[in-house]
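Quick notes on the structure that follows.
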Amino acid sequence: GDSVTQMEGPVTLSEEAFLTINCTYTATGYPSLFWYVQYPGEGLQLLLKATKADDKGSNKGFEATYRKETTSFHLEKGSVQVSDSAVYFCALSDGGGNKLTFGTGTQLKVEL
Amino acid sequence: DAGVIQSPRHEVTEMGQEVTLRCKPISGHNSLFWYRQTMMRGLELLIYFNNNVPIDDSGMPEDRFSAKMPNASFSTLKIQPSEPRDSAVYFCASSRRTSGGQETQYFGPGTRLLVL
Chain B
1 GDSVTQMEGP
11 VTLSEEAFLT
21 INCTYTATGY
31 PSLFWYVQYP
41 GEGLQLLLKA
51 TKADDKGSNK
61 GFEATYRKET
71 TSFHLEKGSV
81 QVSDSAVYFC
91 ALSDGGGNKL
101 TFGTGTQLKV
111 EL
Chain C
113 DAGVIQSPRH
123 EVTEMGQEVT
133 LRCKPISGHN
143 SLFWYRQTMM
153 RGLELLIYFN
163 NNVPIDDSGM
173 PEDRFSAKMP
183 NASFSTLKIQ
193 PSEPRDSAVY
203 FCASSRRTSG
213 GQETQYFGPG
223 TRLLVL
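Chains as they are written, first to last, in the working numbering: chain B, 1 to 112; chain C, 113 to 228.
In structure tokens:
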């Protein structure tokens, strides 16, 4: 079945550092890929998405590129802020887009 | 828009009691999803509905769990009887399904359930 593998956290960075959170997936067909963010005590919010190979999703300085050849969708940000501290989930949807399969989440802590 | 609304936000109950979680999806959305989040298992899809009809309930843990969607603006997830291992955060999400596929899922704030 479909699966998503994320790097384990927590990831601790200093403000303005470069961020990479790795995500790889296994899926049949051509899934859409997503990054969701969860701030403490809140639900998940869509951060960005990509629906086909080589698409780049971007939002709030974050970006990720759908790499079919490496089955990856790594999340990057050039300069993190304390306010980016949260848990980040990589996810994929099946061909019909009905079901989201999530990775285990990666906690990011950004310190001054 | 108010977003997806869930109630209660927190629930503490004793083992064996019935628990009912409620969800109001975003107006105009025709798909609704129930998820469970635990430290051990992460985020799991329990069940989803399209146009108020349950489509896939393969994620429902066992017969103690049931979900209903009597109309487009309301859904419930019921656990009866509840057990300590049901303690988790339960999320509801909604989206719009069109001929082009499923659009983005929007999540509610979750219900944090503790079964003693």
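Beta carbons are placed, not taken as given, at the ideal position from N, Cα and C, and that holds for glycine.
Computed from a prediction, not measured in an experiment: that's the story for all the values here.
Pair within 8 Å by beta-carbon distance, residue i and residue j
i, j, result
"residue 202 (chain C)", "residue 188 (chain C)", "no"
"residue 75 (chain B)", "residue 66 (chain B)", "no"
"residue 79 (chain C)", "residue 218 (chain C)", "In the structure as shown, chain C starts at 113 and stops at 228, and residue 79 (chain C) therefore has no counterpart that could be examined."
"residue 118 (chain C)", "residue 134 (chain C)", "yes"
"residue 71 (chain B)", "residue 2 (chain B)", "no"
"residue 228 (chain C)", "residue 123 (chain C)", "no"
"residue 11 (chain B)", "residue 90 (chain B)", "no"
"residue 207 (chain C)", "residue 195 (chain C)", "no"
"residue 63 (chain B)", "residue 56 (chain B)", "yes"
Beta-bridge pairing of residue i - partner residues as DSSP gives them
i, result
"residue 164 (chain C)", "Answer is none; residue 164 (chain C) lacks a bridge partner."
"residue 28 (chain B)", "DSSP lists no partner for residue 28 (chain B)."
"residue 180 (chain C)", "C:188"
"residue 116 (chain C)", "Residue 116 (chain C) pairs with nothing; no bridge assigned."
"residue 99 (chain B)", "DSSP lists no partner for residue 99 (chain B)."
"residue 126 (chain C)", "DSSP, once it has assigned bridges, lists no residue as partnering residue 126 (chain C)."
Cα-Cα separation between residue i and residue j, rounded to whole angstroms
i, j, result
"residue 210 (chain C)", "residue 140 (chain C)", "11 Å"
"residue 168 (chain C)", "residue 40 (chain B)", "29 Å"
"residue 154 (chain C)", "residue 6 (chain B)", "12 Å"
"residue 61 (chain B)", "residue 78 (chain B)", "7 Å"
"residue 28 (chain B)", "residue 68 (chain B)", "12 Å"
"residue 58 (chain B)", "residue 193 (chain C)", "44 Å"
"residue 125 (chain C)", "residue 112 (chain B)", "40 Å"
"residue 205 (chain C)", "residue 44 (chain B)", "9 Å"
"residue 116 (chain C)", "residue 103 (chain B)", "23 Å"
"residue 120 (chain C)", "residue 190 (chain C)", "13 Å"
"residue 221 (chain C)", "residue 181 (chain C)", "19 Å"
Residue i classed as buried or exposed, judged by whether at least 16 other C-beta atoms fall within 10 angstroms
i, result
"residue 36 (chain B)", "buried"
"residue 32 (chain B)", "buried"
"residue 114 (chain C)", "exposed"
"residue 30 (chain B)", "exposed"
"residue 175 (chain C)", "exposed"
"residue 128 (chain C)", "exposed"
"residue 14 (chain B)", "exposed"
Unbroken stretches of the beta strand (DSSP E), 3 residues or longer, contained in the stretch 40-79 of chain B: 44-50, 56-59, 62-65 and 75-77
Whole beta strand (DSSP E) elements within the stretch 190-227 of chain C, 3-residue minimum: 200-207 and 223-227
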